[in-house]
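Residue numbers (the working numbering), protein chains in the order written: chain C, 297 to 398; chain H, -10 to 158.
So, in structure tokens, the structure goes:
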């Protein structure tokens, strides 16, 4: 039998790897990939808490389900913005993005 | 603690996820980062399957691995030239990020492992799709019809917004 804490350790490591990537990457798409890791680790936590602590309920399950859908929408809009930035600046490195409007 | 097949599968999944997540944020080439992200998403789906949430695992595979990763690959190919590599960050910022992350990770793991959770027990048995469907479509106390409808409006808004932002002027 697998303890619940094992899953939590994996998702915690995954979350902080994502935060590390968010802090050290300087490319917009790479930062978005890190955000994706963070979201994914939280989804694991919801499913694990639902399965181990409240097996009769469905709240954590549905929260993960809706979080997957919302993160898909978030990624689509973020990538649209990034492509728009690339079209205007020919670059998606963070250090070149000094202006809000051009 | 005895070694069971469940535990072996879990350890393989955990190592797979951890290694691929670390590779995804440390590799120099962005397309490889997207590929490692795909592997992490596969591993997560494996964890959902192991928790007996097959529907959630299938959604994870379809939406994340099937949809989002393709979107990433397309946008990477659109926005970066060939042989594009991540630029070097200076040592101080690199070390600051690493130290901050490791400190926070240690703190979080310490709190998680010391905390007494409610008595947990793993209940075997698949969550049936009929239950999911009834809960998703009912407006009763434990029904989820309102978030279901709201997320459909959100997705519509995202379609419109994505086209509006990325269209050619």
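Heads up, the beta-carbon is just placed ideally off N, CA and C, and yes, glycines get one too.
Under the assumption that residue i contacts residue j (Cβ atoms under 8 Å), give the Cβ distance between them as a whole number of angstroms.
i	j	result
residue 45 of chain H	residue 343 of chain C	6 Å
residue 30 of chain H	residue 369 of chain C	At roughly 17 Å, the Cβ-Cβ gap does not stay under 8 Å, so residue 30 of chain H and residue 369 of chain C are not in contact.
residue 312 of chain C	residue 90 of chain H	5 Å
residue 354 of chain C	residue 48 of chain H	Residue 354 of chain C to residue 48 of chain H, Cβ: 14 Å. No contact.
residue 298 of chain C	residue -5 of chain H	6 Å
residue 23 of chain H	residue 58 of chain H	6 Å
residue 65 of chain H	residue 19 of chain H	5 Å
Give the interface partners of residue i over in chain C, defined as CB-CB distance under 8 Å, in chain order.
i	result
residue 56 of chain H	368
Under 9 Å Cβ-Cβ, which residues of chain C neighbour residue i?
i	result
residue 162 of chain H	What the structure shows of chain H is the stretch from -10 to 158, and residue 162 of chain H is not part of that stretch, so it cannot be assessed.
residue 112 of chain H	347, 348, 351 and 352
On the DSSP bridge assignment, give the partners of residue i in chain order.
i	result
residue 323 of chain C	C:389
Quick one: residues in its chain with C-beta nearer than 8 Å to the C-beta of residue i, no 5 flanking neighbours on either side, listed in chain order?
i	result
residue 2 of chain H	32, 35, 36 and 39
residue 307 of chain C	337, 338, 340, 341 and 344
Using a Cβ-Cβ cutoff of less than 6 Å, which residues in the same chain neighbour residue i once the five nearest sequence positions on both sides are dropped?
i	result
residue 329 of chain C	none
residue 374 of chain C	328
residue 348 of chain C	300
residue 324 of chain C	378 and 388
What residues of chain C sit near residue i, judged by a beta carbon separation below 7 Å?
i	result
residue 23 of chain H	329
residue 151 of chain H	372, 373 and 376
What number of angstroms, rounded off, separates the C-alpha of residue i from the C-alpha of residue j?
i	j	result
residue 155 of chain H	residue 107 of chain H	48 Å
residue 21 of chain H	residue 127 of chain H	43 Å
residue 152 of chain H	residue 8 of chain H	36 Å
residue 157 of chain H	residue 321 of chain C	29 Å
residue 364 of chain C	residue 110 of chain H	26 Å
residue 99 of chain H	residue 92 of chain H	11 Å
residue 131 of chain H	residue 79 of chain H	52 Å
What does residue i touch in chain H if you count any residue whose Cβ is under 7 Å from its own?
i	result
residue 304 of chain C	101
residue 340 of chain C	33 and 36
Can you list, in chain order, the residues of its chain with a C-beta nearer than 7 Å to that of residue i? Leave out the 5 residues immediately preceding and following it.
i	result
residue 10 of chain H	29
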